[in-house]
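In what follows, a single structure is set out as structure tokens and then discussed.
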Amino acid sequence: MEEDEVRWLLIKCHCGNSFGSRAGSRSSCARCGESKRLVTKSSHSNSAELFRAVSSANLPDEIREEIEKRLKKETTKRNQNQRVGVEKIHAIMLDSTNSDGVLTMDKLTQKLMEKDVENPTAEEILGMAEAQGVIIRSAPNSWLWL
Numbered sequence: 465m466e467e468d469e470v471r472w473l474l475i476k477c478h479c480g481n482s483f484g485s486r487a488g489s490r491s492s493c494a495r496c497g498e499s500k501r502l503v504t505k506s507s508h509s510n511s512a513e514l515f516r517a518v519s520s521a522n523l524p525d526e527i528r529e530e531i532e533k534r535l536k537k538e539t540t541k542r543n544q545n546q547r548v549g550v551e552k553i554h555a556i557m558l559d560s561t562n563s564d565g566v567l568t569m570d571k572l573t574q575k576l577m578e579k580d581v582e583n584p585t586a587e588e589i590l591g592m593a594e595a596q597g598v599i600i601r602s603a604p605n606s607w608l609w610l
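Printed below as a string of structure tokens:
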């Protein structure tokens, strides 16, 4: 049987320990050895999903809630960074430009950090804008809009 055909089970023992097992195999708790008073809590399509489920199931509730909250926040942040569009980058660049029309790498880096944008970096943005003829270098780490 191939990995994608195997079902993986999250099993909880009466002693409180959770562990994983292949569907259809004989299971026993690694903590207490029990093989009868076991409850199947969930089924997973691959071993990586099962690993996360077992790890989460064996954490104390308070810690699990904190970790799940942090993971959700990190996932949201990652998704937002992946969706940073041209309009948002352009707005950040304009916001980073001083009253004399000068855009600096330091100010752009600061504004990107304020907006929690990690990708693209200030260097990448300035390089692309310069290559596209939107800005021109006026001094080291300074650009003017064209």
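Counted the way our numbering counts, the sequence shown spans residues 465 to 610.
Note that the Cβ used here is the ideal one computed from N, Cα and C, for glycine as well.
Remember, it's a predicted structure, so these values are computed and weren't measured experimentally.
message: Quick check: what's the CA-CA separation for C479 versus L473?
response: On the sequence shown, residue 479 is found 15 positions in, with the first residue counted as 1. On the sequence shown, residue 473 is found 9 positions in, with the first residue counted as 1. Between C479 and L473, the C-alpha separation is close to 17 angstroms.
task: Could you tell me whether the Cβ atoms of H508 and L502 are closer together than 8 angstroms?
output: Sequence index remark: in the sequence shown, residue 508 carries index 44 (1-based). Sequence index remark: in the sequence shown, residue 502 carries index 38 (1-based). Between H508 and L502, the CB-CB gap reaches or exceeds 8 angstroms.
message: Helix, strand or coil, according to DSSP, for S511 in the structure here?
response: Along the sequence shown, one-based indexing puts residue 511 at 47. For S511, the three-state secondary structure derived from DSSP is helix.
- request: Please report how far the alpha carbon of A487 lies from the alpha carbon of S511, in whole angstroms.
  value: Here residue 487 corresponds to residue number 23 of the sequence shown, with the count starting at 1. Here residue 511 corresponds to residue number 47 of the sequence shown, with the count starting at 1. Separation of A487 and S511 (C-alpha to C-alpha, rounded to the nearest whole angstrom) is 12 angstroms.
- request: Mind checking which residues open and close the beta strand (DSSP E) that includes V566?
  value: Taking the sequence shown and counting its residues from 1, the one referred to as residue 566 is at position 102. Where V566 is concerned, the enclosing beta strand (DSSP E) stretches over V566 to T568.
message: Residues in the same chain with beta-carbon distance under 6 angstroms from C602, minus the five sequence neighbours each way, listed in chain order, please.
response: Counting from 1 along the sequence shown, the entry for residue 602 is found at position 138. Cys is not the amino acid found at residue 602; the sequence shown has Ser there. Closer than 6 angstroms at the Cβ level, and outside the excluded window around S602, lie L608.
message: Once DSSP output is grouped into helix, strand and coil, what is the label at G521?
response: Counting from one through the sequence shown, the residue named residue 521 turns up at place 57. The residue you asked about is not Gly; residue 521 is Ala in the sequence shown. If DSSP states are grouped into helix, strand and coil, A521 belongs with the helices.
- prompt: Is it right to say A517 is buried, meaning 16 or more other beta carbons lie within 10 angstroms of its own, or is it exposed?
  reply: Counting from 1 along the sequence shown, the entry for residue 517 is found at position 53. The residue in question, A517, is buried, as its Cβ has 16 or more Cβ neighbours within 10 Å.
task: Could you pull out every residue in the same chain whose Cβ sits closer than 7 angstroms to the Cβ of R528, ignoring the five residues on either side in sequence?
output: The residue labelled residue 528 in the question sits at position 64 within the sequence shown. Apart from the 5 residues on each side of it in sequence, R528 sits with its Cβ closer than 7 angstroms to the Cβ of S520 in its chain, given in chain order.
message: I need the boundaries of the alpha helix (DSSP H) containing L590, first residue and last residue.
response: If you number the sequence shown from 1, residue 590 lands on position 126. L590 -> alpha helix (DSSP H) spans A586 to A595.
- request: Specify the secondary structure class of R486 as computed by DSSP and reduced to three states.
  value: To locate residue 486, count along the sequence shown from 1; it is residue 22. Per DSSP, reduced to three states, the secondary structure at R486 is strand.
message: Suppose you measure from the CA of S626 to the CA of E532; what does that come to, to the nearest Å?
response: With the chain represented from 465 up to 610, any question about residue 626 goes unanswered, as that position is not in the structure.
Unbroken beta strand (DSSP E) run spanning A603, endpoints: Position 139 of the sequence shown, counting from 1, holds the residue named residue 603. I599 to A603 is the extent of the beta strand (DSSP E) around A603.
message: Per the DSSP calculation, V470 is bridged to which residue(s)?
response: Here the question's residue 470 lines up with position 6 in the sequence shown. Paired residue(s): none; V470 is not in a bridge.
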